[in-house]
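>
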Amino acid sequence: RFLNLTITDTVEFEPGREQRTYFSRHASSGDSLESLPGTVFALSVDGQGEGPQLKVMLDSDEAVTTLTIDGPGYYLLGVDGSVTRATPAEVEALGMFDRDAPPVEPTEPDAPTTPEPTEPSTPEIPPDPCGDTCDATQACVAGACVALSDQVQRSCNSTPTAACDGEDTDCGPGNACVGGVCRLLSCQVQNTSCYTPTASCDGEDSDCGEGHACSGGLCRRLTCQIQNTSCYTPTAVCEASSDCAGEHACVAGTCRRLTCQIQNSSCYTPTAICAADADCGADHACAAGVCRRLTCQVQNASCYTPTAVCDAEDTDCGEGHTCNDSGVCQRLTCQ
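Dropping the structure here:
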């Protein structure tokens, strides 16, 4: 996508009126106005005609904003739709064009050209609020150097008090910054008996002890993130399959045992919900939102009307079958 700034203005010519266009095309890669590396552009407008109309547009020709420019002069145009009158000195200070350059003459728009690819701009690193005065044994917190040895939680029975700016590097070894204070990672755990977890986290697994994951704002022991082997209703909450124990998948917000994510071998109506094949047990596929046994995803050998639904993928069907345009598995020998 490209940013286009188009300026139009109406001038009276006998016997009728004629619209003139000031055209300035600034091509920059980006998926949105906010992602463009340049956000302010300069334009000079001469004194002829009525108040020009500004249109900030994308390459789709969809107008993002329309504003009126108040008379001739120099203007700074922001991609956010702002228009600010500027002096020649202000424009020159921005390095946009020479202060002695003549006003822009109305011209026909140039033919669109393919912009040269540009290297992505390197984000500016914010200045160190401590002015690079902290040594290797210190961290910069709230604009002051503090000793890392003090940036710790002393024990699991002591309330954490060492403030941090959201970075784990603000804390001493074996600690993480959670909720604005340094917390001992060995305390960021769930009880081995899988009691309700209580250690809070900021959405990152690194906020929790080893063998734990941060899910729903709490540190959860992975060995507790399971579904009962009898396939009782799952209760361990999750946000991704990495929040669950091995051989489990996170489906609809809970950890589900893959050996439970199956269809009965007698091909009864499937009930295990899913969003992808990875949510189902071995030799199953996720089709129409439930796990389906591939040996059930077949058409009768006598070529009766097929009924096994599929999501337009042959992998949703048993061997020797294809998913037809009607969304059902069809035996190739019946074709």
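With the working numbering applied, the sequence shown has no gaps in its numbers, which climb one by one up to 521 at the end. From the three backbone atoms N, C-alpha and C, an ideal C-beta is built for every residue, glycine too. What you are looking at is a predicted structure, and each value in this text was computed from that prediction instead of being measured.
Among residues of its own chain, excluding the 5 on either side of D391, which ones have a beta-carbon nearer than 6 Å to its beta-carbon?
If you number the sequence shown from 1, residue 391 lands on position 205. Taken in chain order, the residues that qualify are A399, C400.
> Let's test the definition: count the other Cβ atoms within 10 Å of the Cβ of G506 and tell me whether it reaches 16, buried, or not, exposed.
Position 320 of the sequence shown, counting from 1, holds the residue named residue 506. The residue is exposed, with fewer than 16 neighbouring Cβ atoms inside 10 Å.
> In three-state terms, what does DSSP make of D284?
Reading the sequence shown from its first residue, position 98 is the one you call residue 284. Because D284 carries a pLDDT of 47, less than 50, the predicted location of this residue cannot be relied on, and no value is offered for it.
> To the nearest angstrom, how far is the alpha carbon of N510 from that of L480?
Position 324 of the sequence shown, counted from the first residue, corresponds to residue 510. Position 294 of the sequence shown, counted from the first residue, corresponds to residue 480. Distance between the alpha carbons of N510 and L480 is about 16 Å.
> If you compare alpha carbons, which of V327, G360, G365 is closest to S372?
Numbered from its first residue, the sequence shown carries residue 372 at position 186. Nearest C-alpha to S372: G360.
> How big is the Cα-Cα spacing for T508 and R478?
The residue labelled residue 508 in the question sits at position 322 within the sequence shown. The residue labelled residue 478 in the question sits at position 292 within the sequence shown. Whole-angstrom Cα-Cα distance: 15 Å.
> Quick one: what does DSSP say A275 is sitting in, helix, strand or coil?
The residue you call residue 275 lines up with position 89 of the sequence shown. It is helical.
> Quick one, which of G475, P346, A474 has its alpha-carbon nearest G366's?
Taking the sequence shown and counting its residues from 1, the one referred to as residue 366 is at position 180. Of the candidates G475, P346, A474, the one whose C-alpha sits nearest the C-alpha of G366 is P346.
> CB C482 to CB A494, shorter than 9 Å?
The residue labelled residue 482 in the question sits at position 296 within the sequence shown. The residue labelled residue 494 in the question sits at position 308 within the sequence shown. Against a cut-off of 9 Å, the Cβ pair of A494 and C482 comes out as a contact.
> Output yes or no for whether 9 Å exceeds the beta carbon distance between C417 and V437.
Here residue 417 is taken as the residue at index 231 of the sequence shown, counted from 1. Here residue 437 is taken as the residue at index 251 of the sequence shown, counted from 1. Not in contact: C417 and V437 (Cβ atoms no closer than 9 Å).
> For T207, count neighbouring C-beta atoms within 10 Å of its own C-beta (all shown protein chains included) and say buried if the count is 16 or more, exposed if not.
As a first step, residue 207 is located in the sequence shown; it is residue number 21 there, counting from the start. Caution is warranted here: a pLDDT of 49 is assigned to T207, below 50, making its placement in the model unreliable, and no coordinate value can be reported.
> Could you check what DSSP says for T355 in three-state terms: helix, strand or coil?
The residue given as residue 355 occupies position 169 in the sequence shown. Helix, per DSSP.
> Since Q337 and A328 are thought to touch, with beta carbons under 8 Å apart, how far apart are those beta carbons, to the nearest angstrom?
Counted from its first residue, the sequence shown places residue 337 at position 151. Counted from its first residue, the sequence shown places residue 328 at position 142. So it is not a contact: roughly 12 Å between Cβ atoms.
> Indicate, with yes or no, if the ligand MN has a heavy atom lying under 8 Å from the CB of P312.
Judged by which ligands are present, the structure shown has none, so any question about the ligand MN falls away.
> Do R407 and Q447 count as a contact pair if the criterion is CB distance below 9 Å?
Here the question's residue 447 lines up with position 261 in the sequence shown. Here the question's residue 407 lines up with position 221 in the sequence shown. In this structure, R407 does not lie closer than 9 Å to Q447 by Cβ.
> So, using beta-carbon positions, are A435 and T409 closer together than 9 Å?
In the sequence shown, counting from the first residue as 1, residue 435 sits at position 249. In the sequence shown, counting from the first residue as 1, residue 409 sits at position 223. Going by C-beta atoms, A435 is not nearer than 9 Å to T409.
> Using a threshold of 9 Å, state whether the C-beta atoms of L444 and C466 are closer than that.
Your numbering for residue 444 matches position 258 in the sequence shown. Your numbering for residue 466 matches position 280 in the sequence shown. Against a cut-off of 9 Å, the Cβ pair of C466 and L444 comes out as a contact.
> What separation, rounded to the nearest whole angstrom, lies between the Cα atoms of Q411 and A349?
Taking the sequence shown and counting its residues from 1, one reaches residue 411 at position 225. Taking the sequence shown and counting its residues from 1, one reaches residue 349 at position 163. If I take the Cα positions, the gap works out to 31 Å.
> Looking at the structure shown, is C482 part of a helix, part of a strand, or coil, going by DSSP?
Mapped onto the sequence shown, residue 482 falls at position 296. If DSSP states are grouped into helix, strand and coil, C482 belongs with the helices.
> Would you identify the three-state DSSP class for S416, choosing helix, strand or coil?
Mapped onto the sequence shown, residue 416 falls at position 230. In the structure shown, S416 sits in coil (DSSP, three-state: anything other than H, G, I, E or B).
> Which same chain residues, not among the five before or five after Q374, have their C-beta less than 6 Å away from its C-beta?
Here residue 374 corresponds to residue number 188 of the sequence shown, with the count starting at 1. A385, C394, G395, C405.
> My output table needs one value for S427: the three-state DSSP class, helix, strand or coil.
By 1-based counting over the sequence shown, the position of residue 427 is 241. The answer is helix: DSSP assigns S427 an H, G or I state.
> Excluding five sequence neighbours on each side, which residues of the same chain lie with their C-beta closer than 6 Å to the C-beta of C342?
Looking up residue 342 in the sequence shown gives position 156. C373, listed in sequence order.
> Rank L334, T378, S379 by C-alpha distance to the C-alpha of A362 and give the top, closest one.
Indexing the sequence shown from 1 puts residue 362 at position 176. Of the listed residues, the one whose Cα sits closest to A362 is L334.
> For C316, which residues from the same chain have a beta carbon less than 8 Å from its beta carbon, with the 5 sequence-adjacent residues on both sides left out?
Translated into the one-based positions of the sequence shown, residue 316 becomes position 130. Counting only Cβ-Cβ distances below 8 Å, and skipping sequence neighbours, we find C326, G329, A330, C331.
> Note down the Cα distance separating P471 from C503, rounded to an integer number of angstroms.
For this step, residue 471 is matched to residue 285 along the sequence shown. For this step, residue 503 is matched to residue 317 along the sequence shown. One detail in the question is off: residue 471 reads as Ala in this sequence, not Pro. Distance between the alpha carbons of A471 and C503: 8 Å.
> Alpha carbon to alpha carbon, what distance is there between S427 and E433?
Here residue 433 refers to the residue found at position 247 of the sequence shown. Here residue 427 refers to the residue found at position 241 of the sequence shown. In a straight line, the C-alpha of E433 is about 10 Å away from that of S427.
> If you run the structure through DSSP and keep just helix, strand and coil, what is G235?
Translated into the one-based positions of the sequence shown, residue 235 becomes position 49. Because the pLDDT at G235 is just 48, under 50, the model does not fix this residue reliably, and the value given afterwards should be weighed accordingly. G235 falls in the coil class under three-state DSSP.
> With distances taken between CB atoms, is the gap from C515 to C489 smaller than 9 Å?
Residue 515 sits at position 329 when you count from the first residue of the sequence shown. Residue 489 sits at position 303 when you count from the first residue of the sequence shown. No, they are not a contact pair.
> Is it buried or exposed for P306, if we count other Cβ within 10 angstroms and need 16 for buried?
Against the sequence shown, residue 306 aligns to sequence position 120. P306 comes out exposed.
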